[in-house]
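Residue numbers (full-length UniProt numbering): 1 to 468.
The structure appears right after this line, and notes come after that.
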Amino acid sequence: MPARKYTEQQRLAFLALIDRGGSVRAAALAAGVSPDRGYRWMKQAGLSTPRSTQRKHTPEDKAEFFRRLAVSGNVSAVARELGFNRVTCYAWAHKAGIFTGAYADAKRQGFLKLRREGMSRRDAAARLGVESHQALDWDKGIRVFSKGRIYPDGRVVLYRPEEVLANVKSPRTAWVQGERIPIARVEQVIDARYLSLLERERLKDLMMMGLSIRKIAATMGRAPSTISREVRRNTVSRSGYLPHTAHRVSVKRRERPRTAKLTVDGPLRDYVAAKLKKRWSPEQIRHRLQRDFPHDPGMRVSCETIYQAIYVHAHGELRRELAVSLRRGRSRRKPHRDPQTRTSRFIDEMTPISQRPADVEGRTIPGHWEGDLIIGAGSGSAVATLVERTTRYVVLGHLPIERTADAVRDSVITALQGMPASLKKTLTWDQGAEMSEHRAFSLATDMAVYFCERASPWQRGTNESPWG
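Structure below.
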């Protein structure tokens, strides 16, 4: 959809309204332009957005608000009619003891009516099925909301997080054969090797269909022994296999309540700590233990146990000392993600530089470009740079206002517009987010876009060299 065109008269009218002290949004609406366009004109003109000052309301303003509120009963509607701030109007209403909307429900009104007729609070609450503490709050005119209470005199009391948590007797738990285990452990995903709750639910459905163990395993993509073992070990009910119960039982069985090797004092811990201070790697320590203590099974430790001792079991100063002793010097472990499960950087799939035609490397045929985005001081401006690999010819695309992917795409298309088709073959860029519209660029210019490998801008060195 093409961008809407605004006239010079609209721009001048907008700037005139801004000059008189109006807000950007109000001036834009009065000039018949969008607020976004107004902010853009402000930036182009070198004007700063004026800060709004708090409005002072007169007693007449407040009286007019309450007069209209008595008629409509809607605070937001009255605030909109008068042009007042909605939050300010709600504060006036609450301070006056006026609560509208969902709070004024029929049950509360019925309770107050029974109280006016002389019925006791306990009897009125029992007749309407209201909790005693809620009836007491209604009787006193107290409004309760999620974060605190509002009293009739306008006082607002907010609950502190520690007060809320103090009322929680214990964290959520789940029952497993007479025992409780935390819900967080039940919901924790350990590894794809283990059956998940969704897989157990699917297993139950396939069993209800009457399929054999081998057919179930083939359908789920699991080994038959895995399915057979799951049904045999985790069926604890006379009603047969229950997926949620089986999942909780497997989580309970996962426990290994034993003391870690390196958390207790002893020769093994002293040996590992001494080698770490010499900046040995955990793998070196593991192999050296086998050589120094070939007949002592107690002097054995895996690399993972050493890492666990540093990053999980150690605390405070000990953790900092041990972490510094590692060659990397990290105080926490670096997460590793499977490259196959990483999300793509762009919606449209990137074409890696490894698939670029071989003749591009020879620099004998012109028409192959390398691009980059250079940002000015204070991020005030930007320019898209294009360098032709054979001739080193430089083309610039100016970005005076914004450097979004759409703006970069349009700037590069405009910069190459006058070039003949023989000089527009390929474009090589790094993996910057500014080139996420590479698919649209290729359709507009008939140029293939290739991306450098992650953190490898040197693969488009022709573009790097001119700028130092």
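For every residue, glycine included, the Cβ atom is placed at its ideal position computed from N, Cα and C.
Margin query: Excluding the 5 residues flanking Leu427 on each side, which residues of the same chain have their C-beta closer than 6 Å to its C-beta?
Written below: Trp369, Gly371, Met447 and Val449
Margin query: Within 10 Å of its beta-carbon, does Ser436 have 16 or more other beta-carbons around it, so buried, or fewer, so exposed?
Written below: buried
Note to self: My assumption, with CB atoms under 8 Å, is that residue 474 sits in contact with Leu203. Please give the rounded CB distance.
What the structure shows: What is shown of the chain runs 1 to 468, which leaves residue 474 out entirely.
Note to self: Using only CA atoms, which one of Ala260, Arg286 and Thr259 lies nearest to Val272?
What the structure shows: Arg286
Item checked: Under the three-state DSSP convention, the category Val156 falls into -> strand
Checklist line | Length-filtered (3 minimum) beta strand (DSSP E) runs lying within the UniProt domain "Integrase catalytic" (353–468) | finding: 368–375, 382–388, 394–399, 426–429 and 448–451
Check: Expressed to the nearest angstrom, what Euclidean distance is found between the alpha-carbon atoms of Arg185 and Ala218?
Finding: 29 Å
Next item on the list: Tell me whether Ala104 sits in a helix, a strand or coil according to DSSP, three-state version.
Entry: Only weak support exists for where Ala104 lies, its pLDDT of 48 falling under 50; the coordinates are left without a value.
Checklist line | Segment contact, 8 Å Cβ cut-off, at least three pairs: the region 89–98 with the region 107–120 | finding: no
Notebook entry, point to check: Taking the alpha-carbon positions, what's the Tyr194 to Arg229 distance?
Noted result: 12 Å
Next item on the list: Determine the burial state of Asp430: buried for a count of at least 16 other Cβ atoms within 10 Å of its Cβ, exposed for fewer.
Entry: buried
Item checked: Nearest-angstrom Cα separation, counted from Leu211 out to Lys275 -> 57 Å
Next item on the list: Pull up the distance between the alpha-carbon of Gln109 and that of Val75, whole angstroms please.
Entry: 19 Å
Next item on the list: Return the residue from the list Phe346, Gln417, Ala70 and Gly38 that minimises the CA-CA distance to Val451.
Entry: In the sequence on display, residue 451 carries Phe and not Val. Here the closest residue by C-alpha is Phe346.
Next item on the list: Could you pull out every residue in the same chain whose Cβ sits closer than 8 Å to the Cβ of Arg80, ignoring the five residues on either side in sequence?
Entry: Arg86
Next item on the list: Keeping to the same chain, check which residues put their C-beta closer than 7 Å to that of Ile413; ignore five residues upstream and five downstream.
Entry: Phe441, Ala444 and Thr445
Note to self: Can you tell me whether Glu434 is buried or exposed? The criterion is at least 16 other CB atoms within 10 Å of its CB, across all chains shown.
What the structure shows: buried
Item checked: CA-to-CA distance, Ala377 to Tyr39, given in whole angstroms -> 21 Å
Margin query: Using only CA atoms, which one of Leu399, Leu268 and Glu304 lies nearest to Phe293?
Written below: Leu268
Notebook entry, point to check: Can the beta-carbon of Thr391 be found closer than 7 Å to that of Pro366?
Noted result: yes
Notebook entry, point to check: Looking at Leu396 and Val383, is the spacing between their C-beta atoms short of 7 Å?
Noted result: yes
Check: For Val189, which of helix, strand or coil comes out of DSSP?
Finding: coil
Check: Going by beta carbon distance, what residues of the same chain come within less than 7 Å of Gly32, once the five residues before and after it are set aside?
Finding: Gln10
Check: If Arg356 and Arg389 are in contact, beta carbons under 8 Å, what's the gap, nearest whole angstrom?
Finding: That pair is no contact at about 11 Å.
Notebook entry, point to check: Is the beta carbon of Arg300 sitting closer than 7 Å to the one on Ala246?
Noted result: no
Next item on the list: Please classify Pro267: does DSSP put it in a helix, a strand, or coil?
Entry: helix
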